[in-house]
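Mapping to UniProt numbering: the sequence shown position 29 is 29, numbers consecutive. What follows is a set of notes on a single structure, which appears directly below.
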Amino acid sequence: MLAQASPWYVHALQRTEARPAEPLSVPARMEWTTRLGRGPGAEIFGVDLGGKRVLELGCGPGHNAAYLATRHGARVTGVDLVGLQVRRARSHYGRLSNLTFVAGHALHYLQASDERFDAIYSVFGAVGLVAPELLLPAVAQHLKPGRTLAFSTPHPQRGGRRPTTGDQPCHDYVTLPDRTRLPIARWDFDTGRWEKHLDRAGLWLTSAREFHDARAGGWPTTLLITARKL
């Protein structure tokens, strides 16, 4: 039965089985990369987030959303495809104000919403896992002019790989907590191809940073991109 389930559901299930969902302390910083303590924080959005509307696409257990809601006073909505992940996030941080977790597909959520946001972000979340020609225009539609989309994805050259040369997704794997792997589709773009898709959606690339992890053989592991609504 589990072999037919979504890889993300299986991932959340194993996490839940390994550690009961319970209230957690709010993290001391925002994380964008595979290595804790690396990379920027909320300053990447380029605006004071106090009282601002922020959307996370693929919130997982809710750590970053809780950080922004508590440490920066943002009004954050975290969306995740897997209902079990949303239940975990609510168990961890549901007691906090300014914070809402919603189960649903990122694209469907945007298509059904009429709300506009001061910042939208994804940390190894929906951006890269949902067709960019569909997701990025939907993001642009719901982002206020001059505001920022920020997202991190696995670096397309991680482990010596090559970036996707076309606009189709490549075959990849998600590693589960028990170290087994399940297949997924991922849009594994380099910065240039992301820029083309962002431009088509009405978003201007403002920065692209890569991060390395010495444990990964010297290859870059994370690509962090910011773009601004025109």
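Every residue, glycine too, gets a C-beta built ideally from N, C-alpha and C.
Here DSSP, grouped into helix, strand and coil, assigns residue 138 to helix. Around the Cβ of residue 78, a 10 Å sphere holds 16 or more other Cβ atoms; the residue is buried. When the Cα atoms are used, residue 157 and residue 219 turn out to be separated by approximately 7 Å. A direct Cα-to-Cα measurement between residue 103 and residue 92 gives close to 15 Å. Following the DSSP letters along the chain, one finds residue 129 in no alpha helix (DSSP H), marked with neither H nor E. In the DSSP assignment, residue 123 falls within the beta strand (DSSP E) that extends over 117 to 123. In terms of Cβ geometry, residue 152 and residue 224 form a close pair [threshold 8 Å]. Linking residue 174 to residue 146 through their CA atoms gives a straight-line distance of about 34 Å. The secondary-structure analysis by DSSP pairs residue 212 across a beta bridge with 220. Beta-carbon to beta-carbon, residue 53 and residue 117 are separated by about 5 Å, close enough to satisfy the 8 Å threshold. DSSP places residue 8 within a helical segment (H, G or I) once states are collapsed to three. By a beta-carbon distance limit of 8 Å, residue 226 contacts residue 148. Their separation comes to about 6 Å. Straight-line measurement puts the Cα of residue 61 at about 12 Å from the Cα of residue 27. In this chain, the beta strand (DSSP E) harbouring residue 171 covers 170 to 175.
Classified as exposed, residue 159 has fewer than 16 neighbouring CB atoms from the shown chains inside 10 Å of its CB.
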